[in-house]
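Before any comments, here is the structure.
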Amino acid sequence: MQTRVNKTRLTLIQGDITEQETEAIVNAANTTLLGGGGVDGAIHRAGGLTILEECKKIRAKQGECPTGEAVITTGGNLKAKYVIHTVGPVWSGGKRKEDTLLHNAYKNSLSLAKDKGIGSLSFPSISTGAYGFPIERAAEIALSTVRNFLKGYTFEEVRFVLFSEKDLNVYEEVWEKTVNRV
Ligand code: AR6
């Protein structure tokens, strides 16, 4: 699905985020910034060791990356020039500020992209894999955070890359609902 939010192209597709040619891709990392499974593992595998080296430098400077925050490295061997590493919350029932923290992860990634002058970026579905965040609730937060950000800023494109067809359907349905609510 492709649509426009003001002047920004918003795309929802099924695919592998490591193959995207947007200027940046977003990684669903953990606070250590040292890699892991899921998207994180795939990005480090495809991007090569440069990304890990840069993550280590960031750690040496600022320590771990708190949940909801974001940092940026180059894209190593990826098509994308940059990787924005953000940390989503671990789902633990919804009473530990998970919604706000997930919102912050998207918002801080978008702000970092804006500050760097990045024209296009791809997001995975942050926190809905190993971290167990219910996907429909996560999709509502992801899409509304992006939509609000795009009220005040224009990218060429913001893309959501969903790994499964099922996840893509959830995001598309949530998007339709959101649009109709406006
Ligand atoms: N492209 C796009 N989406 C993917 C890909 C891919 N190549 N691989 C998996 N997904 P997860 P989280 C989907 O677990 O929940 C890591 O170990 C996946 O199907 O990657 O934020 C980190 O180091 C799911 O829908 O991220 C952290 O410790 C979504 O990406 C922890 O997992 C997110 O799943 C973060 O957990």
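Take any residue in the sequence shown, note its place counting from 1, add 5, and you have its number in my numbering. Each residue gets a CB set at the ideal place from its N, CA and C atoms; glycine is no exception.
Determine the contact status of L115 and F154, defining contact as a CB-CB distance below 8 Å. Their beta carbons are under 8 Å apart, which means L115 touches F154 by this criterion.
If you draw a straight line from the C-alpha of T16 to the C-alpha of K62, how long is it? Going by the C-alpha atoms only, they are around 33 Å apart.
DSSP has Q7 in a bridge; who is on the other side? Residue pairing for Q7: DSSP places it in a beta bridge opposite T16.
Rounded straight-line distance, which links the Cα of S127 to that of D21: A direct Cα-to-Cα measurement between D21 and S127 gives close to 10 Å.
Nearest residue (CA-CA) to A33, options G68, E24, G73 and K102: In terms of Cα proximity to A33, the closest of G68, E24, G73 and K102 is G73.
From the DSSP output, in three-state form, read off S114 for me. Helix.
Candidates T183, A85 and L57: which alpha carbon is nearest E24's? Comparing Cα positions, the closest option is A85.
To which residues of the same chain is G124 closer than 7 Å at the C-beta, ignoring the five residues directly before and after it? Take G124, set aside five residues on each side of it, and the residues of its chain with a beta-carbon closer than 7 Å to its own are E28, F160 and E161, in chain order.
Span of the alpha helix (DSSP H) holding T55? For T55, the uninterrupted alpha helix (DSSP H) segment begins and ends at L54 to Q67.
Whole-Å CB distance - R152 paired with T183, under 8 Å assumed: A Cβ-Cβ distance of about 7 Å is found for the pair R152 and T183, placing them in contact under the 8 Å criterion.
Rank G122, E177 and A135 by C-alpha distance to the C-alpha of S149 and give the top, closest one. For S149, the nearest C-alpha among the options comes from E177.
Beta bridge counterpart(s) of E162 as assigned by DSSP: Beta-bridge pairing by DSSP links E162 to R14 and S125.
Return the chain-ordered list of same chain residues with a C-beta closer than 7 Å to the C-beta of A51, the five sequence neighbours on each side being excluded. Result list for A51: T23, N82 and L83, in chain order.
Could you check whether K119 and Y158 sit closer than 8 Å to each other, using their CB atoms as the reference points? Result yes, Cβ atoms of Y158 and K119 sit closer than 8 Å.
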